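In the working numbering, the protein residues as written are 99 to 362. Inspection log for the structure reproduced underneath, given as C-alpha cells.
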C-alpha cells in the first residue's frame, strides 16, 4: 500500500560520527564534527522546506525530514535510517568528508548543504524538477530567498504576501507586494518583522483590497490567536504606499503564482 503524500513541513540538520540506526538514536546538533559558520545556519533547512511547501511538494507518508551528516558514508551518498521514533519523521544519513567540509568557505558550505539536502530528499519519491528549481533558487538568493505565503489576484491587480527567513542573519521579515495590471506598476514593502518566521502563516489568513488599502487578516482559530495576539492585527498598508516604496518598477503581466494559499 502506497503511503499517503504529505506536504513537506520541516527539514533539520544533525551530525553523527557513525550511522543512525534503530537502537542507536545518537544524532547531535551541527557544530561539533562539522563546524558551522553562524548560529542560524540551520535556517537553510527552514528555507528549503518552506519554498518546497510553496510549490506544494509532498513526501510519501511523512512531512519532517531529518538530514544527518556523517563521515561513515561515502560523500554525497544518502541512505534512509532504520530509526523510526515518530511516523511523521524520516531520518536520512548523508555522507560528508570532514576535511572536505573544513576546506569550504561559508557560501560554499551553504551550497553544499543544499546539495546534500537534495540527495536526502531524492532518497524518497519526489518531483525532481521542483526540487532542482528550489535548490537553484536557494543557491542564487541564499538567506534572501523569498517565500510566497498567499496571493490574491483579480483582473486588475495582484497582491502577494511573502517572507524571508533570517536574511543576512537578521530578523525574519514579511513583505507585501502589489501589482497594478492596468497601470503596469509593481511595488513591494515590508509588512512586519516576524518574531518567528512561521508566524507569517497564522498572520495571513486572508487578503482584502478596499478603499486603497490592503488588509491582511489573521486566521480565526484559537491556536492562531496565541501567535497573532503578539502583533497589531489585522495588518494593513495603503496601496499608494506600496507602489511608492523604493524599488517600485514598471512591469508587464506578472507570472502566475505557483500557489495561492499555503497552510502552515
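Even for Gly, the Cβ is constructed at its ideal location relative to N, Cα and C. All figures in this text were calculated on a predicted structure; none of them were measured in a lab.
Run the CB neighbour count on residue 350, radius 10 Å, all protein chains shown included, and call it buried at 16 or more, exposed below. Position 252 of the chain shown, counted from the start, is the residue given in the question as residue 350. At residue 350, the pLDDT of 44 sits below 50, so the modelled position is not reliable; the number obtained from the coordinates is stated separately. Exposed is the call here.
Enumerate in chain order the residues of its own chain whose CB-to-CB distance from residue 220 is below 8 Å, with the five nearest sequence positions on each side excluded. The residue you call residue 220 lines up with position 122 of the chain shown. The beta carbon of residue 220 sits closer than 8 Å to those of 176, 226, 229, all from its chain and outside the five residues before and after it, given in chain order.
Under 9 Å, do residue 259 and residue 247 count as touching if we go by C-beta distance? If you number the chain shown from 1, residue 259 lands on position 161. If you number the chain shown from 1, residue 247 lands on position 149. One thing to note: residue 259 has its Cβ within 9 Å of the Cβ of residue 247.
Check whether the Cβ of residue 309 sits closer than 8 Å to any heavy atom of the ligand FAD, and report yes or no. No copy of the ligand FAD occurs in the structure displayed, which carries no ligand at all.
Runs of beta strand (DSSP E) lying entirely within the stretch 272-322, each at least 3 residues, in chain order: Whole beta strand (DSSP E) segments, 3+ residues: 283-291, 304-308, 311-315.
If we count the other Cβ atoms within 10 Å of its Cβ and call it buried at 16 or more, is residue 109 buried or exposed? If you number the chain shown from 1, residue 109 lands on position 11. Classification of residue 109: buried, given that the 10 Å Cβ count is 16 or more.
With respect to the beta strand (DSSP E) encompassing residue 261, which residues constitute its N-terminal and C-terminal limits? Counting from one through the chain shown, the residue named residue 261 turns up at place 163. 255-262 is the extent of the beta strand (DSSP E) around residue 261.
Quick check on this structure: which residue in 196, 130, 262 has the alpha carbon closest to the alpha carbon of residue 288? Mapped onto the chain shown, residue 288 falls at position 190. Ranked by how close their Cα comes to the Cα of residue 288, the residues 196, 130, 262 have 262 in first place.
What is the rounded straight-line gap between the Cα of residue 166 and the Cα of residue 271? Translated into positions along the chain shown, residue 166 becomes position 68. Translated into positions along the chain shown, residue 271 becomes position 173. Approximately 29 Å, taken between the alpha carbons.
Would you please verify whether the beta carbon of residue 160 is less than 9 Å from any beta carbon of chain B? The structure shown contains no chain B, having only a single protein chain.
What three-state label does DSSP hand residue 331 in the structure shown? Here residue 331 corresponds to residue number 233 of the chain shown, with the count starting at 1. In this structure, residue 331 counts as coil in the three-state DSSP scheme.
Would you please state the rounded distance, in angstroms, between the beta carbons of residue 217 and residue 159? I believe it to be under 8 Å. On the chain shown, position 119 is the one that residue 217 refers to. On the chain shown, position 61 is the one that residue 159 refers to. By a beta-carbon distance limit of 8 Å, residue 217 does not contact residue 159. Their separation comes to about 20 Å.
Local conformation of residue 102 per DSSP, three classes: For the purposes of this step, residue 102 is identified with residue 4 of the chain shown, where counting begins at 1. In this structure, residue 102 counts as coil in the three-state DSSP scheme.
Cα separation between residue 161 and residue 181? Translated into positions along the chain shown, residue 161 becomes position 63. Translated into positions along the chain shown, residue 181 becomes position 83. Roughly 16 Å separates the two Cα atoms.
Decide yes or no for the touch test of the stretch 310-319 against the stretch 329-342: beta carbon pairs closer than 8 Å, at least 3 of them. Verdict: yes, contact present.
Exposed or buried, residue 297, counting other C-beta atoms within 10 Å across all chains shown (16 or more means buried)? Position 199 of the chain shown, counting from 1, holds the residue named residue 297. Looking at its Cβ environment, which holds 16 or more other Cβ atoms inside 10 Å, residue 297 is buried.
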